[in-house]
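Here is the structure we will look at.
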């Protein structure tokens, strides 16, 4: 019975995710679902992306998902972008319904790119589509190279792996070659960008990746 | 309906957790449920705990929870302790049934302390009791000081917070005072130990904490 209930929940979620996706396509809003363990640097990445101006030609919005607090939303609102904060209370992931609700508070006609920052969790968010064009997973250097093998669905579902906090490489024994090899084992088409929000390494590359994917999807 | 189903699942889990706990008490096995984000250092902590011999007078066993792979179980088996590996496949946490099943493969009559290493996830494992005497949460320095506020249930349910990877303090801007203050805001009786598996800082303190709690519970 538990399995049947889970299947119903996922099917209902897929329906809502498809509706969201149709809405985003109609409005030409390119949507990226950012996922990672807690503390891998999702909010800091968005801060740097906005501060560096690598997407300065695009109108950007953010949906912030957290179990509790508006701390992350406040950090991004300070950078003068529209932010909708979702507090999931007990839910360990965002779902299609939450994103649909959050979008009613956004002016989609005046957005080109929407970032959805999921709840910090390397497991559950991968199971729930929200209508995004691409899922992007962040893995921070201190977390270790074995994570793609231990949490394969997340890396399998993502179009891009951002290896974050590369400034910490000298202080760990992680091998980036091993990270790349492990990620490719579960998803041999995944793109990989190394990035440090502290030094700025990779931020431009990340911006170019978004622009190229947006152009590939919308043609402009 | 979703809420009712969730409540049924949690109530059923509590029943199994209570049965496990009765079994552990009857066998005088002291059980610690280790939880954290992926990559916070649960397996490395157990390796160091065994290698340093801080619990050398106790017979130790480990139940390893991972979605996929036996990588962590193999690391610990190399240290000559009985290890049962659980692969949860899709489940984002361990539950009472999984621990009950795993215990059939352990000789509880010949164990004094059982470590349960949960799935790397700062959210869901906190909701599911497994029969443990204490929940212990690890928060690694690179994850940032805001985590107790953003994932409050995990810190609320835990008896002890281990702040791990303190050797990385010089390379981050985290304030341990802020971590402590945030943890106390959600749980003002939580114990806190700072620890580095790399330098060995705090490992003895951690061992003493376990011995004291075991003695407090079993009287020996």
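Residue numbers (our numbering), protein chains in the order written: chain A, 2 to 221; chain B, 2 to 221.
All C-beta atoms in this analysis are idealised placements derived from N, C-alpha and C, irrespective of residue type, glycine included.
For residue 119 (chain A), no CB of chain B lies under 9 Å from its own CB, so it is not counted at the interface with that chain.
At least one C-beta of chain B is nearer than 9 Å to the C-beta of residue 69 (chain A).
Excluding residues up to 5 positions away in sequence, 142, 145 and 146 lie with their Cβ nearer than 7 Å to the Cβ of residue 175 (chain B) in the same chain.
Look at the stretch 96 to 175 of chain B and you find these whole runs of alpha helix (DSSP H), each 4 residues long or longer: 97 to 104, 148 to 151 and 153 to 158. Of all residues in the stretch 121 to 144 of chain B, the ones placed with a Cβ closer than 7 Å to any Cβ belonging to chain A are 121, 122, 123, 124, 125, 141, 143 and 144, in chain order. About 13 Å separates the beta carbons of residue 205 (chain A) and residue 46 (chain A), which is beyond the 8 Å limit, so they are not a contact pair. When DSSP reads this structure, residue 31 (chain A) sits in a beta bridge with A:114.
A check of alpha carbon separations from residue 23 (chain A) across A:97, A:185 and A:179 identifies A:97 as the nearest. Of the candidates A:122, A:114 and A:180, A:114 places its Cα closest to the Cα of residue 219 (chain A). The distance from the Cβ of residue 94 (chain A) to that of residue 122 (chain A) is about 6 Å, consistent with a contact at the 8 Å cut-off. Shown here is that no member of the stretch 15 to 36 of chain A has a Cβ falling below 7 Å from a Cβ of chain B.
By the Cβ rule, the stretch 148 to 157 of chain A does not count as touching the stretch 100 to 107 of chain A, because fewer than three pairs are nearer than 8 Å. DSSP lists no bridge partner for residue 24 (chain A).
Taking a C-beta distance under 9 Å as the contact criterion, residue 42 (chain B) and residue 198 (chain B) qualify as a contact pair.
DSSP places residue 84 (chain B) in the strand class (E or B) of the three-state scheme. With respect to chain A, the C-beta atom of residue 40 (chain B) has a partner C-beta closer than 9 Å. The Cβ neighbour count for residue 130 (chain A), taken over all protein chains shown within 10 Å, is at least 16; the residue is labelled buried.
When CB distances to chain B are screened at a threshold of 7 Å, the residues of the stretch 151 to 177 of chain A falling below it are 151, 152, 153, 166, 169 and 172, in chain order.
A residue is called buried when at least 16 other Cβ atoms come within 10 angstroms of its Cβ; residue 52 (chain A) does not meet this threshold and is exposed. A Cβ of chain B is located within less than 9 Å of the beta carbon of residue 73 (chain A).
The contact set of residue 93 (chain B) on chain A, defined by CB atoms closer than 8 Å, consists of 93, 122, 124 and 125 in chain order. Comparing alpha-carbon positions, the option among B:80, B:67, B:72 and B:71 lying closest to residue 61 (chain B) turns out to be B:80. For residue 73 (chain A), the enclosing alpha helix (DSSP H) covers residues 72 to 78.
Boundaries of the alpha helix (DSSP H) harbouring residue 208 (chain B): 204 to 219, taken from the DSSP string. Approximately 12 Å separates the beta-carbon atoms of residue 120 (chain A) and residue 64 (chain A); this is outside 8 Å, ruling out the contact. For residue 147 (chain B), the C-beta contacts it makes with chain A under 8 Å involve 70 and 72, in order along the chain.
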